[in-house]
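Protein chains in written order, with my numbering: chain A, 1 to 266; chain R, 267 to 424.
Ideal Cβ placement from N, Cα and C applies to all residues, glycine included.
Just so it is clear, the structure is predicted and the values come from calculations on it, not from any experiment.
A short worksheet on the structure shown next.
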């Protein structure tokens with residue numbers, strides 16, 4: 001690791017001001033991506049501003065028929081929360097599939113959504129459920145928030161405060177994890193929402209994306225069979241040592257069928 | 267430099283450390299608690315697992331500064347007065363190790379797993395140990411040791 005200065009922020013306001021004054025400072029919450037990145041010397045921030053313990057970013061609650069989760073909420077808290085399990089069981093299920101227990105004990109939902117790793121799980125739920133990202137400056141709809149590989153609508157001084165999920169009628173997530181890292185080789189989140197069916201795909205492309213053809217097919221018939229013959233184009237998908245883009249395209253179709261079948265059972 | 271005060275195995279330790287000091291290095295180099303092993307540089311192996319405020323974490327992926335004020339438990343605190351902790355006892359009985367390098371991290375991860383789920387199924391044990399690697403691939407006996415640990419701990423609770 002290169003040298004940096006560690007700063008524990010006492011409030012969200014203080015963290016925002018610190019970021020404004022130090023353009024090379026980075027926020028730290030759980031650190032489950034950031035610290036391994038620093039260990040590999042892939043980043044060289046001047047300061048780490050620790051917001052992981054801020055009470056302003058804590059808490060899981062149901063508000064006006066929506067589920068609000070504070071940005072510093074750890075994955076194990078979402079996975080084990082009775083409120084989440086009752087409101088959106090697919091979200092609790094997804095949180096329990098992230099990384100491994102040690103990662104889930106420190107990693108946060110805000111950190112995952114801010115980082116927007118193309119193989120992270122939470123972006124699939126945020127986009128699939130049509131959630132809102134509430135920041136220190138504004139509210140950003142999921143459809144506007146995710147902008148490709150590690151790219152989001154956040155400006156450098158903006159901090160995620162909470163994620164607000166509208167409750168779906170039914171939802172399910174199916175994931176093919178990379179056997180070593182636990183990251184999604186392909187993960188598909190399907191939700192039947194008040195605005196229609198939404199299908200979000202993570203792990204396969206350069207960033208989370210909606211699969212509109214599948215949404216149209218599932219709108220009239222929520223079943224695995226409704227997806228027969230449908231495929232995402234392999235052309236735009238990721239290819240690496242772990243899988244070819246054709247393999248990932250097939251995984252997306254298989255995971256989508258599994259998620260649709262899970263919803264149909266509910 | 268960061269001033270940290272961390273309670274480790276019940277005793278408070280105040281130190282002045284570089285801001286980038288990892289908790290694993292703090293435990294090993296500052297406190298001499300070398301039971302916490304560092305097996306990789308990539309946060310994958312879980313050999314460095316300790317408990318921070320009651321939750322299992324990889325101490326190589328957390329800064330000592332983040333643990334300021336926290337309560338940390340390492341493998342050294344498991345045996346008491348020369349008597350093995352039930353999880354250590356189970357690993358011994360089931361020969362849940364080959365070279366033993368991953369064992370401290372395994373035991374601390376198992377402690378975390380069994381706290382959340384005192385009677386895990388085999389599937390749940392696999393899921394609960396996903397953050398720990400055994401390079402000898404001695405997993406069969408490790409899983410046996412987890413089942414035995416659960417039995418011993420449940421017996422103790424009764």
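Short CB-CB distance (under 8 Å) between residue i and chain R
| i | result |
| --- | --- |
| residue 55 of chain A | no |
| residue 173 of chain A | no |
| residue 266 of chain A | no |
| residue 182 of chain A | yes |
| residue 50 of chain A | yes |
| residue 345 of chain A | A question about residue 345 of chain A goes unanswered here, because the residues of chain A that appear run from 1 up to 266. |
| residue 93 of chain A | no |
| residue 102 of chain A | yes |
| residue 122 of chain A | no |
| residue 31 of chain A | yes |
| residue 45 of chain A | no |
| residue 4 of chain A | yes |
| residue 106 of chain A | yes |
Residue from the options whose Cα sits closest to the Cα of residue i
| i | options | result |
| --- | --- | --- |
| residue 374 of chain R | R/269, R/388, R/387, R/408 | R/408 |
| residue 131 of chain A | A/148, A/194, A/85, A/103 | A/194 |
| residue 256 of chain A | A/176, A/245, A/196 | A/176 |
| residue 310 of chain R | A/127, A/36, A/45 | A/36 |
| residue 58 of chain A | A/113, A/1, A/212, A/72 | A/72 |
| residue 39 of chain A | A/128, A/250, A/25, A/2 | A/2 |
| residue 78 of chain A | A/51, A/56, A/151, A/107 | A/107 |
| residue 119 of chain A | A/144, A/140, A/149, A/13 | A/149 |
| residue 144 of chain A | A/208, A/65, A/95, A/204 | A/208 |
| residue 53 of chain A | A/183, A/70, A/42 | A/70 |
| residue 92 of chain A | A/102, A/101, A/81, A/20 | A/81 |
| residue 30 of chain A | A/152, A/83, A/114, A/136 | A/114 |
| residue 32 of chain A | A/123, A/75, A/9 | A/75 |
| residue 126 of chain A | A/179, A/99, A/221, A/68 | A/68 |
| residue 202 of chain A | A/111, A/219, A/249, A/165 | A/249 |
| residue 105 of chain A | R/387, R/355, R/367, R/324 | R/324 |
| residue 340 of chain R | R/349, R/282, R/397, R/303 | R/303 |
| residue 17 of chain A | A/42, A/221, A/137 | A/137 |
Beta carbon proximity, residue i to chain A, threshold 8 Å
| i | result |
| --- | --- |
| residue 281 of chain R | no |
| residue 338 of chain R | no |
| residue 364 of chain R | no |
| residue 396 of chain R | yes |
| residue 454 of chain R | In this structure chain R extends from 267 to 424, so residue 454 of chain R is not present and cannot be described. |
| residue 420 of chain R | no |
| residue 298 of chain R | no |
| residue 424 of chain R | Low per-residue confidence applies at residue 424 of chain R: pLDDT is 46, beneath 50, and the placement is therefore not dependable, though the value from the model is reported in the following sentence. No, its Cβ sits nowhere closer than 8 Å to a Cβ of chain A. |
8 Å contact criterion, which residue i and residue j should meet: CB distance rounded
| i | j | result |
| --- | --- | --- |
| residue 378 of chain R | residue 321 of chain R | 6 Å |
| residue 48 of chain A | residue 26 of chain A | 6 Å |
| residue 318 of chain R | residue 293 of chain R | Wrong, their Cβ atoms sit about 11 Å apart, outside the cutoff. |
| residue 24 of chain A | residue 45 of chain A | 6 Å |
| residue 285 of chain R | residue 4 of chain A | 6 Å |
| residue 199 of chain A | residue 210 of chain A | 6 Å |
Residue i Cβ short of 7 Å to the ligand MG heavy atom set
| i | result |
| --- | --- |
| residue 246 of chain A | For the ligand MG, the structure offers nothing, since it holds no ligand at all. |
query: Unbroken beta strand (DSSP E) runs of length 3 or more, entirely within the stretch 286 to 374 of chain R: which are they?
result: Qualifying beta strand (DSSP E) stretches, in chain order: 315 to 318, 321 to 324, 337 to 339.
query: Fully enclosed by the stretch 29 to 61 of chain A, which alpha helix (DSSP H) runs are 4 residues long or longer?
result: Counting only runs of 4 or more, we get 34 to 39.
- request: Taking 8 Å as the threshold, find out whether the stretch 150 to 159 of chain A comes into contact with the stretch 226 to 242 of chain A through three or more Cβ pairs.
  value: These segments do not touch.
- prompt: Residue ranges of each alpha helix (DSSP H) run of no fewer than 4 residues wholly in the stretch 182 to 230 of chain A, ordered along the chain?
  reply: Listed in chain order, they are 212 to 220.
query: Counting Cβ pairs closer than 8 Å, one from the stretch 378 to 396 of chain R and one from the stretch 327 to 336 of chain R, do we hit at least three?
result: Per the Cβ contact rule, the stretch 378 to 396 of chain R is not in contact with the stretch 327 to 336 of chain R (fewer than 3 Cβ pairs under 8 Å).
4-residue-minimum alpha helix (DSSP H) runs that sit fully inside the stretch 81 to 149 of chain A, ordered along the chain: Within the stretch 81 to 149 of chain A, the complete alpha helix (DSSP H) segments at least 4 residues long are 82 to 87, 89 to 95, 101 to 106, 109 to 115, 122 to 128, 142 to 145, listed from N- to C-terminus.
task: Spell out a yes or no on whether the stretch 183 to 198 of chain A and the stretch 247 to 255 of chain A are touching, meaning 3 or more CB-CB pairs, one atom from each, closer than 8 Å.
output: Inter-segment contact for the stretch 183 to 198 of chain A and the stretch 247 to 255 of chain A is present: three or more beta-carbon pairs are separated by less than 8 Å.
message: Quick test of the definition: if touching needs 3 or more C-beta pairs under 8 Å, does the stretch 166 to 176 of chain A touch the stretch 85 to 102 of chain A?
response: Result yes; three or more Cβ-Cβ pairs closer than 8 Å.
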